[in-house]
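Residues in the sequence shown are numbered consecutively from 885, following my numbering.
Data first, discussion second: the structure below is written as structure tokens.
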Amino acid sequence: MQPEQWWKSAVVYQIYPRSFADSDGDGVGDLRGVINRLDHLERLGVDVVWLSPVYPSPMDDNGYDISDYQDIDPTFGDLDTFDELVAGLHGRGIKVVMDLVVNHTSDEHAWFAESRAGLDSPRRDWYWWRPARPGTTPGTPGAEPNNWGSFFSGSAWQYDERSGEYYLHLFSRKQPDLNWENPEVREAVYTMMRWWLDRGIDGFRMDVINFISKATELPDGEVRPGELFGDGTPYVFSGPRIHEYLHEMHQRVFAGIDRPLLLVGEMPGVTVEDAALFTDPDRAEVDMVFQFEHVGIDQGDGKWDVLPFDLRTLKASLGRWQRGLAARGWNSLYWNNHDQPRVVSRFGDDGEHRERSAKMLGTVLHLHRGTPYIYQGEELGMSNSVFHDISAFRDIEAVNHYGHATAAGADPEQVLTALRTMGRDNARTPMQWDGTLRAGFTTGTPWIEVNPNHVEVNAAAQYDDKDSVFTHYRRLVDLRHSEPAVAYGDFTMLLEDDPHVYAFTRSLEGTELLVLGNFTGETRPVDLPLGTDWAGAELLVTNLDDPHVTGALAPWEARVLARRLSA
Ligand code: NOJ
């Protein structure tokens, strides 16, 4: 039998450096700030840190618009500080994964500057340049090469007066898409990746990596009722050459490296069938993916169309992913990251039951099969913040959406309500280290306001509290390390039609775990179709201060029971 891959029993912690810890008082987090907080990570016990981008960037999309792949933005520090951080993490047994953003660069990257210089530039073909639609006047509305909208509102094309052509940008106009059809582009990316690996990092989180292969004819997309632009995603998500590119990358960059690496592909729109291919070890593409289905269940027509949460939909989705990757492949497990609202506000209760529901959500997620990711602050039960009006938002996605939607006649209050619920800034408010004025994040003026609940919700108050959310997460991390059934066991979903209770088993050899989570604020009976007796089973995890194992679950209760069958 093959030895199990190391990352099956690992837990990853995501740092969004801008919002983690500021060491120099400029109001923006930095690498020295992370170095100063390494104890936090060690205490939590995580195995890997994924650092969101720290490369030089005009910060149009907070660093996901990179202008130099082989340096550090002065806001965050420099390469020496970066090396010190890697050494500090390695010294504590923690691996480091960098964000790899190669679907696009910044428009201020030297490659794009050259590409833009003229039609005969040697790098012209490094990006997606196209003439205006035939029969139109270049630069006028409707003359764009196709009808695609950008993820950040407006057209996905920007007109370039100098050459009279347009370039494609699936995200902001300052994030032109690289043309992966061109082998020189691929080679340049692989060279850059090897440079970071030589510097000692342990892998990559690959930003929207399933967008890099596009249907080269770039056809118009469907225009939905009420929309101005067409949907290009069918021609972009997991395009024709995506498996070829990822395998090539694997061969050119990772093959021959014999230290343990972690390769995770962020893949909006990926299907479970495709994920099984992407993560099949024999195909040598990536180790695991970030899929998006379960974070779309409360969104209707686009992300701002907020639907009520239905637990059955969540179970149907996550259950299908568990089954689809059971035999081959592997998944990442996440509720949160820098793009998602806080889970305790989304699927839990950020009022009266904040702590208990945060622990329940953590328990349910971490007991699934897959590699769990903790996003900074999730381990404290941080919740969505307060945004009084549009001036409190910082994210380009939110600000652009507000501008476009209100210009098109939408009610500003309704737009704000959607932004407060789904907006990415909820994830980006400063890490809450303590209860002081700026939450211990900075001595200056934070680039985005601190959540007022930091007075109560903060790390300092939780470290030594045996009932805190932090202590609970620490136990979950320990459990993945110590209990093989958590890391490697089979998964069986139970009670699929129950709208209130999440229930499943994990089993490995003689061990069986039963995981129960009450997703409501009321006591709920548990009617398990198990036929076997769990009375007398060991209570492995609970989120109740004074637990009694009964036939009903208390509001937001989480319970993990273990039975060991003797051979
Ligand atoms: C996905 C990243 O997670 C998000 O923050 C970013 O805006 C887009 N990709 C574009 O890079």
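Ideal Cβ placement from N, Cα and C applies to all residues, glycine included.
Treat the numbers as computed from the prediction; the structure is a model and nothing was measured.
*For methionine 885, name the three-state secondary structure that DSSP assigns.*
Residue numbering aside, residue 885 sits at position 1 when the sequence shown is read from its first letter. Since pLDDT at methionine 885 reaches only 45, below the 50 mark, its modelled position is unreliable, and no value is offered.
_Backbone secondary structure at alanine 1442 - three-state DSSP_ = Residue mapping note: residue 1442 aligns to position 558 of the sequence shown, counting from 1. Strand.
_Chain-ordered list of residues that sit, by beta carbon, closer than 5 Å to a heavy atom of the ligand NOJ_ = Asp945, Tyr948, Phe1055, Asp1091, Val1092, Asp1223
_Suppose you measure from the CA of valine 1299 to the CA of proline 1109; what does that come to, to the nearest Å?_
Sequence index remark: in the sequence shown, residue 1299 carries index 415 (1-based). Sequence index remark: in the sequence shown, residue 1109 carries index 225 (1-based). For valine 1299 and proline 1109, the distance between alpha carbons rounds to 18 Å.
*Inspect the CB distances between the stretch 1028-1038 and the stretch 1104-1119 and report whether three or more fall short of 8 Å.*
yes
*Sequence ranges, alpha helix (DSSP H) only - wholly within the stretch 1001-1088, length at least 4*: 1067-1082
*When you compare only the Cα positions, how much space is there between isoleucine 919 and methionine 1133?*
In the sequence shown, residue 919 corresponds to position 35, counting from 1. In the sequence shown, residue 1133 corresponds to position 249, counting from 1. If I take the Cα positions, the gap works out to 31 Å.
*Close-in-space but distant-in-sequence residues of the same chain around isoleucine 1126 (CB under 6 Å, 5 per side omitted)*: As a first step, residue 1126 must be located in the sequence shown, where it is residue number 242. Contacts found: Asn1094, Ser1097.
_If you measure between the beta carbons of tryptophan 891 and threonine 1155, is that distance less than 7 Å?_
Within the sequence shown, residue 891 is the residue found at index 7, counting from 1. Within the sequence shown, residue 1155 is the residue found at index 271, counting from 1. No.
*Identify every residue that forms a DSSP beta bridge with glutamate 1106.*
Translated into the one-based positions of the sequence shown, residue 1106 becomes position 222. Glutamate 1106 is bridged to Asp1115.
*So, is isoleucine 1332 buried or exposed, given that buried needs 16 or more other C-beta atoms within 10 angstroms?*
As a working mapping, residue 1332 is identified with position 448 in the sequence shown. Flag for isoleucine 1332 reads buried.
_Buried versus exposed, by CB contacts within 10 Å (16 or more), methionine 885_ = Position 1 of the sequence shown, counted from the start, is the residue given in the question as residue 885. Confidence in methionine 885 is poor, its pLDDT being 45 and thus under 50, which makes the residue's placement too unreliable to answer from.
*histidine 1178 beta carbon less than 7 Å from that of leucine 1195*: By one-based count along the sequence shown, residue 1195 stands at place 311. By one-based count along the sequence shown, residue 1178 stands at place 294. No, the Cβ-Cβ distance between leucine 1195 and histidine 1178 is not below 7 Å.
*Assign aspartate 1182 to one of three DSSP states: helix, strand, or coil.*
Against the sequence shown, residue 1182 aligns to sequence position 298. Residue state, collapsed to three classes: coil.
_Start and end residues, alpha helix (DSSP H) containing tryptophan 1205_ = One-based indexing of the sequence shown puts residue 1205 at position 321. From DSSP, the alpha helix (DSSP H) with tryptophan 1205 extends over 1195-1208.
*Considering only C-alpha positions, which residue in the set Arg921, Thr1434, Arg1207 is nearest to alanine 905?*
For the purposes of this step, residue 905 is taken as residue 21 along the sequence shown, with counting starting at 1. The shortest Cα separation from alanine 905 among Arg921, Thr1434, Arg1207 belongs to Arg921.
_By alpha-carbon positions, which one of Thr965, Leu1264, Asp1411, Asp1279 ends up nearest to arginine 916?_
The residue you call residue 916 lines up with position 32 of the sequence shown. Nearest C-alpha to arginine 916: Thr965.
*Under 7 Å between C-beta atoms of arginine 1364 and phenylalanine 1375*: Indexing the sequence shown from 1 puts residue 1364 at position 480. Indexing the sequence shown from 1 puts residue 1375 at position 491. No, the Cβ-Cβ distance between arginine 1364 and phenylalanine 1375 is not below 7 Å.
*Taking all protein chains shown into account, do 16 or more other C-beta atoms lie within 10 angstroms of the C-beta of arginine 1226, making it buried, or fewer, making it exposed?*
In the sequence shown, the residue the question calls residue 1226 occupies position 342. Per the 10 Å Cβ criterion, buried.
*Leaving aside the five residues before and after glycine 909 along the sequence, list all residues of the same chain whose C-beta is less than 8 Å from its C-beta, in chain order.*
In the sequence shown, the residue the question calls residue 909 occupies position 25. Once the five neighbours on either side are set aside, the close Cβ partners of glycine 909 are Thr1326, Thr1327, Gly1328.
*Counted within 10 angstroms of its Cβ, other Cβ atoms place serine 1450 as buried (16 or more) or exposed*: For the purposes of this step, residue 1450 is taken as residue 566 along the sequence shown, with counting starting at 1. By the 10 Å Cβ count, serine 1450 comes out exposed.
*Looking at C-beta atoms only, is the number of pairs between the stretch 1165-1181 and the stretch 1042-1058 that lie closer than 8 Å three or more?*
no
*Heavy atom of the ligand GTP less than 6 Å from the Cβ of threonine 1395, yes or no?*
This structure lacks the ligand GTP; its bound ligands are the ligand NOJ.
*Neighbourhood of tyrosine 1129 by C-beta, 8 Å cutoff - its chain only, sequence neighbours within 5 removed*: The count along the sequence shown starts at 1 and reaches residue 1129 at position 245. Counting only Cβ-Cβ distances below 8 Å, and skipping sequence neighbours, we find Trp1064, Arg1070, Ile1096, Ser1097.
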